[in-house]
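Enquirer:
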DNA sequence: CTAATAGTGTCTCTGAGACACTATTTG
DNA sequence: CAAATAGTGTCTCAGAGACACTATTAG
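Residue numbers (the numbering used here), protein chains in the order written: chain A, 1 to 222; chain B, 223 to 444.
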């Protein structure tokens, strides 16, 4: 690999490498993405990579420091490499996706609604494109596994799960069909949620290692 | 995004950014990946990013210069960022995947067979992991579209397509079931291939914009 | 009781996979 | 003709989606 034959690195000018994170969340039957105010306008939280730092560590660091957010997993969405994408110079940015429960966000965090799979307000740089890709990645992951980002807690009712999936995929699902698609990947605890004016719903847990069948994907993407 | 508030870039040390390419091809009923000899052993073709260069341009450049290969599309597979992954220093590498027909490879190109979804010989650095991800990406793309990398030409018979898919997915498919899954995404030309000891097969073209249904994915991944 | 929500039995109809048949070529 | 490969008609059975019914709570 990688150039020449020696044991020294080339002395080409090197790019700055940044990390931007699209933190998605669900609230009021809609998807939202966390944003911060920057000198260049509304943007995703981002930072430059520190020496020797891992990309996911930088993603973790910037969420903590700029928004007080702790996310469990970061997913590489794509490297944005247009030479003129940042007018401060040559900056490559590794876009990351993450998802956190709305209730875990610190108060004061700015979120932008996602409508028609795009941010409802334009973001700076190429950050809107990053959000689009992050939503696609979220759907791909949610079509294979049950709420892998733990937007719901460890236990949840099937209604809660269905409503979450309806927001993530922007679709409606019949309750019986939805149930039969996802239940093979769930373990029912005996416990029930508190009744909300009707029969109490059973609480379910994700089965360890369970994956949704390909047929579930067909339903979800209608 | 991205640190501080000013209009200047930070003066942190910057990583070298490399591009490595896993060029996959199909030959003798098996998947292969193109490799090059490097001072550190068998490796994927790779190069450092030149100033202002796009990642895909670097991928194109390294294939041309190191192996004489021209690929049509490059897919970002993942950014490999372990700080100690390269003993020459701090080198991030953007792994790319590509696929080219075996017949388009220049003579003398070294290929390594892929067995059980891994290179049959260990590669240097983290390049074996890159190949694993490139194969996954290839399958994801081939499950959604008909031979999107044009490993077959513009026209092909259904037998050729089936054999290609059997290699890519490491599966066998019944000819009639396979046909019924893929034919909605194909246009039949009237023409036929030259007979090979039996009835000549019709030649098909990819329908523009056609995608394979989710159900096809279930068959392919058996 | 009624209202409200949770969960399931069951019917229908599509369509995937299997099998066998027909079609078209070479020798 | 036989042999070989291409392509299709059709049968069966699983299962997805729809509908309606039962179950369990609150008031």
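Quick reminder that beta carbons are idealized off the backbone N, C-alpha and C, glycines included.
This one's a predicted model, so the numbers in the text were calculated from it and none came from an experiment.
Where do the N-terminal and C-terminal ends of the alpha helix (DSSP H) with residue 165/A fall, by residue?
Expert: The count along the first chain starts at 1 and reaches residue 165/A at position 165. Its alpha helix (DSSP H) spans residues 158–169.
Enquirer: Of all the options 239/B, 281/B, 410/B, 361/B, which has the alpha carbon lying nearest to the alpha carbon of residue 388/B?
Expert: Walking along the second chain from the start, residue 388/B turns up at place 166. When only C-alpha atoms are compared, the closest one is 361/B.
Enquirer: Is there a C-beta anywhere in chain B that falls below 8 Å from the one on residue 214/A?
Expert: Taking the first chain and counting its residues from 1, the one referred to as residue 214/A is at position 214. Yes, residue 214/A counts as interfacial toward chain B.
Enquirer: DSSP three-state call for residue 1/A: helix, strand or coil?
Expert: Translated into positions along the first chain, residue 1/A becomes position 1. Per-residue confidence for residue 1/A stands at a pLDDT of 46, beneath the threshold of 50, marking its modelled position as unreliable; no derived number is given.
Enquirer: Just tell me which of 236/B, 411/B, 427/B has its CA closest to the CA of residue 91/A.
Expert: Residue mapping note: residue 91/A aligns to position 91 of the first chain, counting from 1. Closest by alpha carbon: 236/B.
Enquirer: When the Cα atoms are used, what is the spatial distance from residue 187/A to residue 220/A?
Expert: Counting from one through the first chain, the residue named residue 187/A turns up at place 187. Counting from one through the first chain, the residue named residue 220/A turns up at place 220. Rounded to the nearest angstrom, the two C-alpha atoms are 21 Å apart.
Enquirer: Out of 75/A, 69/A, 65/A, 162/A, state which residue places its alpha-carbon closest to the alpha-carbon of residue 181/A.
Expert: The residue you call residue 181/A lines up with position 181 of the first chain. With distances taken between Cα atoms, residue 181/A lies closest to 162/A.
Enquirer: Assign residue 65/A to buried or exposed, taking buried as 16 or more other Cβ atoms, counted over all protein chains shown, within 10 Å of its Cβ.
Expert: Taking the first residue of the first chain as position 1, residue 65/A is located at position 65. By the 10 Å Cβ count, residue 65/A comes out exposed.
Enquirer: Provide the residue span of the alpha helix (DSSP H) that contains residue 204/A, from first to last.
Expert: Along the first chain, read from residue 1 onward, the residue named residue 204/A stands at position 204. Note, residue 204/A: premise wrong, no alpha helix (DSSP H); beta strand (DSSP E) at 202–206.
Enquirer: Going by beta carbon distance, what residues of the same chain come within less than 7 Å of residue 423/B, once the five residues before and after it are set aside?
Expert: On the second chain, position 201 is the one that residue 423/B refers to. Excluding sequence neighbours, residue 423/B sits near 379, 380, 381, 414, 415.
Enquirer: Any chance you could list the beta strand (DSSP E) runs of at least 3 consecutive residues sitting entirely within the region 235–281 of chain B, in chain order?
Expert: 238–249, 252–260, 263–265, 268–270
Enquirer: Am I right that residue 308/B and residue 347/B are in contact with their C-beta atoms under 8 Å? What's the rounded C-beta distance?
Expert: The residue given as residue 308/B occupies position 86 in the second chain. The residue given as residue 347/B occupies position 125 in the second chain. About 6 Å separates the two Cβ atoms, so the contact holds.
Enquirer: Cutting at 6 Å between CB atoms, please list the residues of its own chain near residue 323/B, excluding the five before and the five after it.
Expert: In the second chain, counting from the first residue as 1, residue 323/B sits at position 101. Closer than 6 Å at the Cβ level, and outside the excluded window around residue 323/B, lie 373.
Enquirer: If you compare alpha carbons, which of 302/B, 273/B, 276/B, 260/B is closest to residue 52/A?
Expert: Translated into positions along the first chain, residue 52/A becomes position 52. Of the listed residues, the one whose Cα sits closest to residue 52/A is 302/B.
Enquirer: What three-state label does DSSP hand residue 434/B in the structure shown?
Expert: As a first step, residue 434/B must be located in the second chain, where it is residue number 212. Residue 434/B: coil per DSSP, three-state reduction.
Enquirer: With respect to the beta strand (DSSP E) encompassing residue 331/B, which residues constitute its N-terminal and C-terminal limits?
Expert: By one-based count along the second chain, residue 331/B stands at place 109. From DSSP, residue 331/B is part of no beta strand (DSSP E); its letter is neither H nor E.
Enquirer: Examine chain B for any beta-carbon lying closer than 8 Å to the beta-carbon of residue 218/A, and answer yes or no.
Expert: Mapped onto the first chain, residue 218/A falls at position 218. Residue contact with chain B for residue 218/A: present (Cβ-Cβ distance below 8 Å to some residue of chain B).
Enquirer: Would the beta-carbon of residue 21/A fall within 8 Å of that of residue 239/B?
Expert: Indexing the first chain from 1 puts residue 21/A at position 21. Indexing the second chain from 1 puts residue 239/B at position 17. In this structure, residue 21/A keeps its C-beta atom at 8 Å or more from the C-beta atom of residue 239/B.
Enquirer: Taking the C-alpha atoms as reference points, what is the distance between residue 111/A and residue 31/A?
Expert: Looking up residue 111/A in the first chain gives position 111. Looking up residue 31/A in the first chain gives position 31. C-alpha separation (whole angstroms): 10 Å.
Enquirer: Would you mind working out which of 311/B, 444/B, 433/B sits nearest residue 396/B, comparing C-alpha positions?
Expert: Translated into positions along the second chain, residue 396/B becomes position 174. Nearest of 311/B, 444/B, 433/B to residue 396/B, Cα basis: 444/B.
Enquirer: Quick check: the Cα distance between residue 250/B and residue 407/B, rounded to an integer number of angstroms?
Expert: Indexing the second chain from 1 puts residue 250/B at position 28. Indexing the second chain from 1 puts residue 407/B at position 185. Cα to Cα, the separation comes out at about 26 Å.
Enquirer: Any residues in the region 16–28 of chain A with a beta carbon nearer than 8 Å to a beta carbon of chain B? Which ones, in chain order?
Expert: For the region 16–28 of chain A, which is checked against every Cβ of chain B, the residues closer than 8 Å are 16, 17, 18, 20.
Enquirer: To which residues of the same chain is residue 304/B closer than 8 Å at the C-beta, ignoring the five residues directly before and after it?
Expert: As a position in the second chain, residue 304/B is number 82, starting the count at 1. Here the set comprises 348.
Enquirer: Would you mind reading off the limits of the beta strand (DSSP E) that contains residue 200/B?
Expert: Since the first residue of chain B shown is 223 and the last is 444, residue 200/B is not available in this structure.
Enquirer: For a cutoff of 8 Å on Cβ pairs, would you count residue 364/B as touching chain A?
Expert: What you label residue 364/B is simply residue 142 of the second chain in a count that begins at 1. So, not an interface residue.
Enquirer: From the DSSP secondary-structure annotation, give me the bridge partner or partners of residue 298/B.
Expert: Indexing the second chain from 1 puts residue 298/B at position 76. Beta-bridge pairing links residue 298/B to 318/B.
Enquirer: Quick one: is residue 303/B near chain A, going by C-beta distance under 8 Å?
Expert: Numbered from 1 along the second chain, position 81 holds the residue referred to as residue 303/B. By this cut-off, residue 303/B is an interface position.
Enquirer: In chain B, which residues lie less than 7 Å from residue 50/A when you measure between Cβ atoms?
Expert: Here residue 50/A corresponds to residue number 50 of the first chain, with the count starting at 1. Neighbours of residue 50/A on chain B, chain order: 234.
Enquirer: Taking only the alpha-carbon atoms, compute the straight-line gap between residue 291/B and residue 366/B and give it to the nearest angstrom.
Expert: Locating residue 291/B in the second chain gives position 69, where the first residue counts as 1. Locating residue 366/B in the second chain gives position 144, where the first residue counts as 1. Near 26 Å, if we compare the C-alpha coordinates of residue 366/B and residue 291/B.
Enquirer: Give the straight-line distance between the Cα atoms of residue 213/A and residue 233/B, rounded to the nearest whole angstrom.
Expert: Looking up residue 213/A in the first chain gives position 213. Looking up residue 233/B in the second chain gives position 11. One C-alpha to the other measures close to 49 Å.
Enquirer: Out of 211/A, 61/A, 218/A, 95/A, which has the shortest C-alpha to C-alpha gap to residue 147/A?
Expert: By one-based count along the first chain, residue 147/A stands at place 147. The shortest C-alpha separation from residue 147/A is found at 211/A.
Enquirer: If distances are taken between C-alpha atoms only, which option among 179/A, 99/A, 118/A comes closest to residue 170/A?
Expert: Position 170 of the first chain holds residue 170/A. Here the closest residue by C-alpha is 118/A.
Enquirer: What does the alpha-carbon distance come out to for the pair residue 376/B and residue 168/A?
Expert: To locate residue 376/B, count along the second chain from 1; it is residue 154. To locate residue 168/A, count along the first chain from 1; it is residue 168. Computed Cα separation, rounded: 37 Å.
Enquirer: When burial is assigned at 16 or more other CB atoms within 10 Å of the CB, is residue 46/A buried or exposed?
Expert: Position 46 of the first chain, counted from the start, is the residue given in the question as residue 46/A. Classification of residue 46/A: buried, given that the 10 Å Cβ count is 16 or more.
Enquirer: For residue 337/B, which three-state DSSP category applies?
Expert: Here residue 337/B is taken as the residue at index 115 of the second chain, counted from 1. Strand at residue 337/B.
Enquirer: Using alpha carbons as the reference points, say which of 394/B, 231/B, 248/B, 335/B lies closest to residue 88/A.
Expert: Numbered from 1 along the first chain, position 88 holds the residue referred to as residue 88/A. Out of 394/B, 231/B, 248/B, 335/B, 231/B has the C-alpha closest to the C-alpha of residue 88/A.
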